[in-house]
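See below for the structure under consideration.
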Amino acid sequence: MKLSRRRSTAVDGLQRKGSAKMPVSLSKGGNVSLSKEAPGLAAILVGLGWDARATDGAAFDLDASVFLLNETGKVRSDADFVFYNNKIGGNGSVEHTGDNRTGAGDGDDESVKIDLTKVPVDVTKVAFSVTIHEADTRRQNFGMVSKAYIRVVNQAGGTEIARYDLSEDSSTETAMIFGELYRHNSEWKFKAIGQGFAGGLGPLAVNYGVNIG
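Put into structure tokens, the structure is as follows:
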């Protein structure tokens, strides 16, 4: 699968919040049952955000990517790698809403829509990652990124169900796995990961079984 650059318009993502119930705030390694927090949950939006600390160097360009994984922890095919060059995956159940090249402004920098009712039965986990484009060339890493977060929103009404604010541990990595959506029996759960990964988008994709051409 080609990782060559292309660009589309920036997307702020869904910004509305429900007022009836406070979202679950997760710490690293924590998980929550989305199905219990939002009974009848059918579709979600996963919003990811970040800010770049002040720098005199090149501009930051962070990219969100999604990997639909089977029980072996690998993609079933390259089509299950959803990113800026392949915005639809999982038989149409997952949609990357667009690429944001700057991270400017408030709210979600990039977001992913997931129809839980259409996720293939042999997909047991969905991993959400963020990578820094041309990090080595620009000499950038996640130690230069602040206020990174991932949140899960119920598309029916826009209520935020759960949120994970990543700790600022001055990571020198150029890729970060923010969180994972997974099935547990008949429930959908979300886990806060916050784990750095050596290498950029290519090595991360290969790690999940994607064939990079």
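In the working numbering, the protein residues as written are 685 to 897. Positions of the beta carbon are idealized from the N, C-alpha and C atoms, including for glycine.
Please classify residue i: is it buried, with 16 or more other beta-carbons within 10 angstroms of its beta-carbon, or exposed?
i	result
Asn838	buried
Ser830	exposed
Ala889	buried
Glu755	exposed
Arg821	Residue identity differs from the one stated: residue 821 is Thr in this sequence, not Arg. Label assigned to Thr821: exposed.
Thr786	Reliability of the predicted coordinates at Thr786 is poor, the pLDDT of 46 falling under 50, and the value obtained from them is presented with this limitation in mind. Its Cβ having fewer than 16 others within 10 Å, Thr786 is exposed.
Gly897	exposed
Gln699	Only weak support is given to the placement of Gln699: the predicted model assigns it a pLDDT of 41, under 50, and the value that follows is read from those uncertain coordinates. Exposed, because fewer than 16 other Cβ atoms sit within 10 Å of the Cβ of Gln699.
Are the CB atoms of residue j and residue i within a distance shorter than 8 Å?
i	j	result
Phe765	Val759	yes
Phe744	Tyr892	no
Ser717	Glu871	yes
Lys802	Leu753	no
Asp792	Gly731	yes
Glu857	Asn825	yes
Ala859	Gly733	no
Ala736	Ala840	no
For a cutoff of 8 Å on Cβ pairs, would you count residue i as touching chain B?
i	result
Ala811	Of the protein chains in the structure, only one exists, and it is not chain B.
Find the nearest neighbour of residue i within the set the options, judged by alpha-carbon distance.
i	options	result
Ser709	Trp872, Gly883, Arg835	Arg835
Lys771	Asp793, Lys797, Asp820	Lys797
Gly724	Ala819, Leu800, Leu850, Ser851	Leu800
Gly757	Leu885, Gly897, Arg867, Thr781	Arg867
Thr781	Gly897, Ser719, Ser749	Ser749
Ser813	Asn769, Leu746, Ala726, Arg823	Leu746
Lys720	Arg822, Phe881, Ser851, Lys873	Lys873
Thr815	Ala763, Pro887, Lys705	Pro887
Pro804	Ser761, Asn769, Arg823, His817	Ser761
Pro707	Glu779, His817, Asp849	Asp849
Assuming residue i and residue j are in contact, meaning their beta carbons sit under 8 Å apart, how far apart are those beta carbons, in whole angstroms?
i	j	result
Ala819	Ile861	Not confirmed; about 15 Å, so no contact.
Gly883	Ser855	About 13 Å separates the two Cβ atoms, so there is no contact after all.
Leu729	Ser795	6 Å
Evaluate contact between the segment 835-845 and the segment 762-777, counting only Cβ atoms and requiring at least three cross-stretch pairs below 8 Å. With a cut-off of 8 Å, the segment 762-777 and the segment 835-845 do not count as touching, because too few Cβ pairs lie within range.
Problem set entry | the segment 871-886 contacting the segment 706-721, beta-carbon criterion three pairs below 8 Å | Contact holds between the segment 871-886 and the segment 706-721, because three or more Cβ pairs, one in each stretch, are under 8 Å apart.
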